[in-house]
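In the working numbering, the protein residues as written are 426 to 699.
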Amino acid sequence: MTGATTLTRIAGHRRKCGCGGCRARQARYLKQRELAVLRGTWQYPVPVEGVAARLEELLQAGWTVAQVAAAARLSTECVRRLAGGPAVSRPATVRAATARALAALGPRSRLAPTVPDGMLINPVGSMRRLQALAAIGWPQAELGRRLGLATTPMSTDPSITAGRARAIVDLYRQLWDVPGPSHLAAARARGRGAVPPTAWDDDTIDDPRAMPSGAADPSAARSHGCLSREYTSGEVAFLSAAGETNENIAARLRITVKYVEKMLSAQNKARCLA
Ligand SMILES: [Zn+2]
426 MTGATTLTRI AGHRRKCGCG GCRARQARYL KQRELAVLRG TWQYPVPVEG VAARLEELLQ
486 AGWTVAQVAA AARLSTECVR RLAGGPAVSR PATVRAATAR ALAALGPRSR LAPTVPDGML
546 INPVGSMRRL QALAAIGWPQ AELGRRLGLA TTPMSTDPSI TAGRARAIVD LYRQLWDVPG
606 PSHLAAARAR GRGAVPPTAW DDDTIDDPRA MPSGAADPSA ARSHGCLSRE YTSGEVAFLS
666 AAGETNENIA ARLRITVKYV EKMLSAQNKA RCLA
């Protein structure tokens, strides 16, 4: 049982409590409903299942319960109850307005103005954005400076404040298609598996389940044990242009130095012919 005051009972009172206070609440609720039905504005409660499934999808997509509540302008208690769990009894129905508020949430409402700056949220999207900017040549120190931070923004914290996440989204919007000043930063980031902004979709970058698209995902390619020829060729060209030695490129891509040389000479030949 929860401790929340509902439309028909006082906080902590059981479902069919008959005390004076609960009876008064119940009577007021029924009168309001009757009036609304007469006016044609009554909205029947909706079954909880669809609403709970919608909430579950949001939680899977990396939202926190408090974040859902803030973005949908619902109480945290209400959302927690809908989320269910071992010690929570889920209501059978949900007010139509609650269902609508949850249905209206999308990727772009993760940082809705009603989500307070100090709220802790999932850091996945922020990390991916910073790594993607690093992959196109933005050093972490420079990103930190632009975010007004003394230290480098990339961290291993399990959460980030909504305010910081907002600042990172803004910075990402400014820089996602602007090549950064440092080839070395780009080479290092890509060596660590970072993918460029073009590999991410704005609507899924915050979803922990999302994968970067295309052959630009070196971690996925590596986990399958072999890299496609086009991908390797592209990385060799990129790392070479970034000033990496053939030995470093070979070590990073787990191929032989001879193979690196062969690819570079093939690329030079192609460039001469073009
Ligand atoms: Zn009562």
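Virtual Cβ for every residue (Gly too), placed ideally from N, Cα, C.
- Exclusion of C503 from the 6 angstroms shell around ligand 1 follows from its C-beta lying no nearer than that to any non-hydrogen atom of the ligand.
- If you draw a straight line from the Cα of R506 to the Cα of L455, it is about 23 angstroms long.
- For L664, the number of other beta carbons within 10 angstroms of its own is at least 16, and it is reported as buried.
- For N547, there is no enclosing alpha helix (DSSP H), as DSSP marks it with neither H nor E.
- Judged by beta-carbon spacing, P621 lies within the 7 angstroms limit of A557, meaning their Cβ atoms are closer than that value.
- Uninterrupted alpha helix (DSSP H) stretches at least 4 residues long and entirely within the region 513-548 occur at 521-528, given in chain order.
- Between E672 and V682, the C-beta gap is smaller than 7 angstroms, which places the two residues in contact.
- In the three-state reduction of the DSSP assignment, T586 falls in the strand class.
- Shortest Cα-Cα distance from V476 to any of R458, L527, L463 and T501 involves L527.
- Check the Cα spacing between I546 and each of Y469, D628 and A496: the tightest is with A496.
- In this structure, DSSP gives V504 a helical state, which the three-state scheme calls helix.
- With contact defined as three or more Cβ pairs closer than 8 angstroms, the region 564-574 and the region 598-611 are in contact.
- Linking Y684 to P583 through their CA atoms gives a straight-line distance of about 40 angstroms.
- For R434, no alpha helix (DSSP H) segment is defined, and its DSSP state is neither H nor E.
- The C-alpha of R634 lies about 38 angstroms from the C-alpha of G437.
- For I435, the shortest separation between its Cβ and any heavy atom of ligand 1 lies below 6 angstroms.
- Of the other Cβ atoms in all chains shown, fewer than 16 fall within 10 Å of the Cβ of V462; this residue is therefore exposed.
- In the DSSP annotation of this structure, the continuous segment of the alpha helix (DSSP H) that includes L463 starts and ends at G445 to R464.
- If you look at I561, you'll find it isn't in any alpha helix (DSSP H); DSSP assigns it neither H nor E.
- Residue pairing of P621 in beta bridges, as defined by DSSP: absent, with no partner found.
- Residue pairing by DSSP places V471 opposite V519 in a beta bridge.
- In the structure shown, L609 falls within a helical segment according to DSSP collapsed to helix, strand and coil.
- The way I'd put it, the region 434-452 doesn't touch the region 481-494; fewer than three beta-carbon pairs between them come closer than 8 angstroms.
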